Structures are given as structure tokens and as C-alpha cells.
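Engineer: In the working numbering, the protein residues as written are 5 to 148. Pasting a structure here, questions to come.
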């Protein structure tokens, strides 16, 4: 079976949502998973390449942000599987399905990295808000 088919295929779940709702929400969450993975790798790109006077503090901050995002990656992926979906969490899927633009590889200055990451964090936050608004549902059945 192709990976594309797994994006809409469900396995049995005790979650009390219709199959259509579970498919829709799993698809939304897989899009968020791809974007979260992409954002995490972009933050690590900044972490590895930041230079300048504020190197240490930014290097540490970027690593902390990437660590926080890793927790969200896991949480979102587990929500997909709780709904009976297949978590699509590879780098290839993230590169294809993320809503974020490519991170500029030529940045060195700390301030430039901060601006680039702030822009991407804002896009990510907007994506998550829109996903919530799109479904406008109570998430309690899939909470840990």
C-alpha cells in the first residue's frame, strides 16, 4: 500500500467520532505533524549555525525550542494514531507537506536567525489556530 493511501486509511479505534470525522482530523493532524517536524529542523539549523555576540544564549535558546517542539511532534503523532490514523512523521513527508518556507541556509548573525524563526513560529501558530478553527471541536476524547 502506498503512503498516500495511508493518509486516509484508518484502523479500528474506540474513539467515538464518525469515520469521516476521524479521517478529517487525522489528516489535519498529519499536516500539523509535518509542519512541526519541519519547524523543529529549522530551529536546529539556526542552533547549529548561529554566530555573533549572542552566540551562546541563542544557541541554548534554539536548542530549548527544538526540544519543546519534539514534545509536540510526539503528542501530535500520538493523536493521529489514537484516532485510528497512521502518523506520517518522516523527513520526506515533512518536506513535502509542511506549510513553512525553506529556511535560509546563508544566515549567520543571531538577529537574522531570530527574525527568521519568529516568522516561522508565527506561521506555525497561525496554522495551528486555523486547524482548530477548521474543525471547531472538543478535543477531550483524544487527550492523554
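We treat Cβ as the ideally placed atom computed from N, Cα and C, and that holds for glycine. For clarity, every value in this text was computed on a predicted model and none was experimentally measured.
DSSP has residue 55 in a bridge; who is on the other side?
Structural biologist: As a position in the chain shown, residue 55 is number 51, starting the count at 1. In DSSP, residue 55 forms a bridge with 113.
Engineer: Within 8 Å, do at least three Cβ pairs link the segment 95 to 106 to the segment 35 to 42?
Structural biologist: With a cut-off of 8 Å, the segment 95 to 106 and the segment 35 to 42 count as touching, because enough Cβ pairs lie within range.
Engineer: Can you give the beta carbon distance from residue 47 to residue 66, rounded, assuming they're within the 8 Å contact cut?
Structural biologist: Along the chain shown, read from residue 1 onward, the residue named residue 47 stands at position 43. Along the chain shown, read from residue 1 onward, the residue named residue 66 stands at position 62. That pair is a contact at about 5 Å.
Engineer: Quick one, are the C-beta atoms of residue 117 and residue 111 less than 7 Å apart?
Structural biologist: Within the chain shown, numbered from 1, the residue matching residue 117 stands at position 113. Within the chain shown, numbered from 1, the residue matching residue 111 stands at position 107. In contact: residue 117 and residue 111 (Cβ atoms closer than 7 Å).
Engineer: Once the 5 residues before and after residue 148 are set aside, which same chain residues still bring their CB inside 6 Å of it?
Structural biologist: Here residue 148 is taken as the residue at index 144 of the chain shown, counted from 1. Only weak support is given to the placement of residue 148: the predicted model assigns it a pLDDT of 45, under 50, and the value that follows is read from those uncertain coordinates. Counting only Cβ-Cβ distances below 6 Å, and skipping sequence neighbours, we find nothing.
Engineer: Drop a sphere of 10 angstroms on the beta-carbon of residue 92, count the other beta-carbons inside from all chains shown, and report buried for 16 or more, exposed for fewer.
Structural biologist: Along the chain shown, read from residue 1 onward, the residue named residue 92 stands at position 88. Buried, since its Cβ has 16 or more Cβ neighbours within 10 Å.
Engineer: Where does residue 19 sit, in a helix, a strand or coil, going by DSSP?
Structural biologist: On the chain shown, residue 19 is found 15 positions in, with the first residue counted as 1. In the structure shown, residue 19 sits in coil (DSSP, three-state: anything other than H, G, I, E or B).
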